[in-house]
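S.K.: Be aware that the sequence shown starts at 1, since it is given in the UniProt record's numbering, and climbs by one per residue. The C-beta atom is built at its ideal place from N, Cα and C for all residues, glycine as well. Take this structure first; my questions come after.
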Amino acid sequence: MSSLEVGVLDFGASSLAGSIAVDRALIEVPFRPDLLSLVINWQLAKRRAGTHKTKGISEVSGTTRKPYRQKGTGRARQGSLRAPQFRKGGIVFGPVVRQHGFSVNKKVRSLALRSALSMRFAEGRLFVLESCKLGEYKAAALLRWLTSNTELSAGKKFLIVTEEKNESLLRAASNLHWVKVLWGSSANVYDVVLHDFVLLEKASVDVLVERLLK
């Protein structure tokens, strides 16, 4: 298995604590903006509620009586006061309740995520965390480390990926709107692209390899 060296950070240190070998197939694939766009649109489309709705001519309230006789008035013929051209009439081809989601092949989603991780690695903005154990699980402690670490000084948004759901770290990051915590099984293209730096817990690398390369 061919691998690349990725810098390792530690919550107790203000600079690099070493390096670790990571499978090349995970963080060195060609940049695919087409797939990133496709998968991000897929993610955002799935989030849409799709509850928009307007009423058509058969659904609006109003009389069903013909407004006036067909011929002899000199006016344009009309069959209903609920027609779209009248005030309070129905809407033509208006939005209806529907699902906006569409399907994307699993292998395409996998390649897009690896492309996003590779992009961050090529930029020098992907690191491995020795562990996700803070001295104290408070926003102030997490903020202090993120702002004092020399490797992260250029970042404004940070994505931390843990091996599994870490409630303590989630609570510590909940008051920092520019820090997001995910776990290996929920890491996704949209969040990797949205955040400047990606910090992978060492154990989460194995989860991502198992998920994306097997």
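Go ahead and label residue 201 buried or exposed: buried means 16 or more other beta carbons lie within 10 angstroms of its beta carbon, across all protein chains shown.
M.R.: Residue 201 comes out buried.
S.K.: My output table needs one value for residue 44: the three-state DSSP class, helix, strand or coil.
M.R.: DSSP places residue 44 in helix when its eight states are reduced to three.
S.K.: Between the Cα of residue 217 and those of 184, 135, 112, spot the shortest distance and give me the residue it belongs to.
M.R.: Coverage of the chain is limited to positions 1 through 214, which leaves residue 217 absent and any answer about it impossible.
S.K.: Apart from the five residues on each side of it in sequence, which residues of its chain come closer than 6 Å, Cβ to Cβ, to residue 120?
M.R.: So the qualifying residues of the chain are 126, 198.
S.K.: My output table needs one value for residue 178: the three-state DSSP class, helix, strand or coil.
M.R.: It is coil, neither helix nor strand.
S.K.: Quick one: give me the first and last residue of the alpha helix (DSSP H) that residue 219 is part of.
M.R.: Absent from the structure is residue 219, since the part of the chain shown begins at 1 and ends at 214.
S.K.: Hey, how far is the Cα of residue 22 from the Cα of residue 204?
M.R.: Whole-angstrom Cα-Cα distance: 11 Å.
S.K.: Note down, in chain order, each residue of its chain lying with its Cβ closer than 8 Å to the Cβ of residue 13, except the 5 sequence neighbours on either side.
M.R.: For residue 13, where only same-chain residues beyond five positions count, the Cβ hits under 8 Å are 149.
S.K.: What is the C-beta distance between residue 31 and residue 110, in whole angstroms, given that I count them as a contact (C-beta under 8 Å)?
M.R.: In fact, because the Cβ distance is near 15 Å, the residues do not count as touching under 8 Å.
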